[in-house]
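Colleague: Note that this note's numbering has the sequence shown beginning at 13, numbered continuously upward. All C-beta atoms, glycine included, are put in the ideal place defined by N, C-alpha and C.
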Amino acid sequence: MTATAMGVGDIREVGAAAFAWLSAHTADFALDEDAFTEDAHVDVTWKPLGELAQTCQSVRTHLPPSDPLHGCASDLLRFAWQQTGRGELFLRLQRSEPFATYPLEVYSVFAAAGLRHPGYEAAAATTARTRGWRLTEQEPTRRLGVLKAERRSGIERPDESAQVLRRTWLGGLPEPWTFERSSGYALTHVVFHLTDWGRVPTGVPEDLAVYLAHWLPSWLDTCLDATMWDLSCELLVVAGSLPAPPDLPAFQSAWTRIAGAQHDSGALPQEGPGADAAGPEPDFLRCYHSTLMAAFAAAQTVKRLTGEGDDDIDAGGDGHRSRAGRARTRHDGQGVPG
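(1) DSSP three-state call for Met-305: helix, strand or coil?
(2) From the DSSP output, in three-state form, read off Ala-30 for me.
(3) Run the CB neighbour count on Gly-272, radius 10 Å, all protein chains shown included, and call it buried at 16 or more, exposed below.
(4) Does the beta-carbon of Gly-319 have 16 or more other beta-carbons within 10 angstroms, so that it is buried, or is it exposed?
(5) I want to check one thing, is the minimum distance from the CB of Ala-123 to the heavy atoms of the ligand GTP below 7 Å?
(6) Straight-line CA distance for Val-26 to Leu-81?
(7) Report the rounded CA-to-CA distance for Asp-276 versus Ala-134, giving the unit in angstroms.
(8) Is the stretch 184 to 195 close to the stretch 143 to 155, with three or more CB pairs under 8 Å?
(9) To which residues of the same chain is Gly-252 closer than 6 Å at the C-beta, ignoring the five residues directly before and after it?
(10) Rounded to whole angstroms, what's the CA-CA distance from Ala-174 to Tyr-114? Just pull it up for me.
(11) Residues in its own chain within less than 7 Å of Val-20 by CB, not counting five upstream and five downstream?
(12) Let me know if Ala-262 comes out buried or exposed under the rule of 16 or more other beta-carbons within 10 Å of its beta-carbon.
(13) According to DSSP, is Phe-48 helix, strand or coil?
(14) Among residues of its own chain, excluding the 5 on either side of Phe-296, which ones have a beta-carbon nearer than 7 Å to its beta-carbon?
(15) Are the Cβ atoms of Trp-33 and Ala-279 separated by less than 8 Å?
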């Protein structure tokens with residue numbers, strides 16, 4: 013496929029293939045008792061589940077209910093909510109780690125989808141009133157995310173987001189040549205928080221929007237050349253989250269390279285050789301996040317280029333087929349449970 017041949021339909025198929033892989037690997041996202049042990053590895057338990065939920069919640073707001081991928085995302089979000097005991101397990105985490113922020117950050121994703129647990133919210137609000145919680149030292153980008161999680165979860169406090177934003181790498185408008193992997197991930201998450209994960213493009217201040225529109229293509233090319241597929245997909249989400257819709261011709265080559273790196277199963281490696289280099293499919297932990305980001309980037313790009321999407325309706329569609337009909341998922345037609 014040439015760069016000029018990559019259209020909206022082709023981008024959507026990248027997302028469809030990614031969703032086929034995610035639907036086939038739900039067992040790998042499931043929680044077990046290891047998620048509650050004293051030496052639990054959050055990065056391999058709660059983090060993947062929370063990222064699955066966030067991607068699916070975002071996709072549901074970016075695609076219309078008539079789109080089968082909307083239904084697939086709803087199915088996976090329902091699965092993730094059930095894995096938390098419909099919110100009950102957050103209360104268990106609150107009792108064992110009252111000052112950890114990751115439970116609230118994950119819970120807030122479900123709260124944004126209308127899935128709430130009043131008991132957990134009351135317990136979290138009590139902790140959030142303490143000086144210990146408010147004074148926890150965090151990197152600015154993480155702090156911005158925690159503030160957004162509080163707001164999503166009904167915890168009200170004076171908004172300090174604007175001040176925190178200017179302490180982030182992106183908020184300081186740094187010299188563009190200082191871009192590297194860590195700053196790349198930081199800037200993408202700042203944009204995610206500012207725009208409610210791409211739902212409100214006007215959330216990006218004008219000076220940041222101008223800066224990003226100018227330098228993002230160069231940074232994206234750098235990441236693609238380095239076969240950093242995960243960060244490349246996050247940058248494509250950012251491109252689709254700015255006030256001005258992305259210019260498809262400017263990003264066709266990037267999408268062609270992403271599609272070429274994606275395996276037939278829909279899996280996208282985090283980095284390194286992709287399917288176009290006949291590399292073996294990576295294991296779950298080395299491809300789940302990049303595959304999520306491919307699904308997210310595709311949905312966000314399609315929405316901005318077509319103007320479709322409805323974040324007020326939870327109804328889903330039928331099953332969908334990935335590229336060349338390689339896989340199929342099923343949606344039962346129900347909305348996400350409340």
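Modeller: Here's the rundown:
(1) The residue given as residue 305 occupies position 293 in the sequence shown. Correct three-state label for Met-305: helix.
(2) Here residue 30 corresponds to residue number 18 of the sequence shown, with the count starting at 1. Residue state, collapsed to three classes: helix.
(3) Translated into positions along the sequence shown, residue 272 becomes position 260. Looking at its Cβ environment, which holds fewer than 16 other Cβ atoms inside 10 Å, Gly-272 is exposed.
(4) On the sequence shown, position 307 is the one that residue 319 refers to. Exposed: under 16 other Cβ atoms inside 10 Å.
(5) The ligand GTP is not among the ligands present in this structure, which contains no ligands whatsoever.
(6) Taking the first residue of the sequence shown as position 1, residue 26 is located at position 14. Taking the first residue of the sequence shown as position 1, residue 81 is located at position 69. Each residue's Cα considered, the two are about 11 Å apart.
(7) Taking the first residue of the sequence shown as position 1, residue 276 is located at position 264. Taking the first residue of the sequence shown as position 1, residue 134 is located at position 122. C-alpha separation (whole angstroms): 45 Å.
(8) no
(9) Residue mapping note: residue 252 aligns to position 240 of the sequence shown, counting from 1. Counting only residues of its own chain and dropping the five nearest sequence neighbours on each side, Gly-252 has a CB closer than 6 Å to the CB of Pro-258, Gln-312, Thr-313, Arg-316.
(10) Taking the sequence shown and counting its residues from 1, the one referred to as residue 174 is at position 162. Taking the sequence shown and counting its residues from 1, the one referred to as residue 114 is at position 102. If I take the Cα positions, the gap works out to 22 Å.
(11) Start at 1 with the first residue of the sequence shown, and residue 20 comes out as number 8. Val-314, Leu-317, Thr-318, listed in sequence order.
(12) As a working note, residue 262 is residue 250 in the sequence shown. Exposed, since its Cβ has fewer than 16 Cβ neighbours within 10 Å.
(13) Working through the sequence shown from its first residue, we reach residue 48 at position 36. Correct three-state label for Phe-48: helix.
(14) As a first step, residue 296 is located in the sequence shown; it is residue number 284 there, counting from the start. His-37, Asp-40.
(15) Taking the sequence shown and counting its residues from 1, the one referred to as residue 33 is at position 21. Taking the sequence shown and counting its residues from 1, the one referred to as residue 279 is at position 267. Going by C-beta atoms, Trp-33 is nearer than 8 Å to Ala-279.
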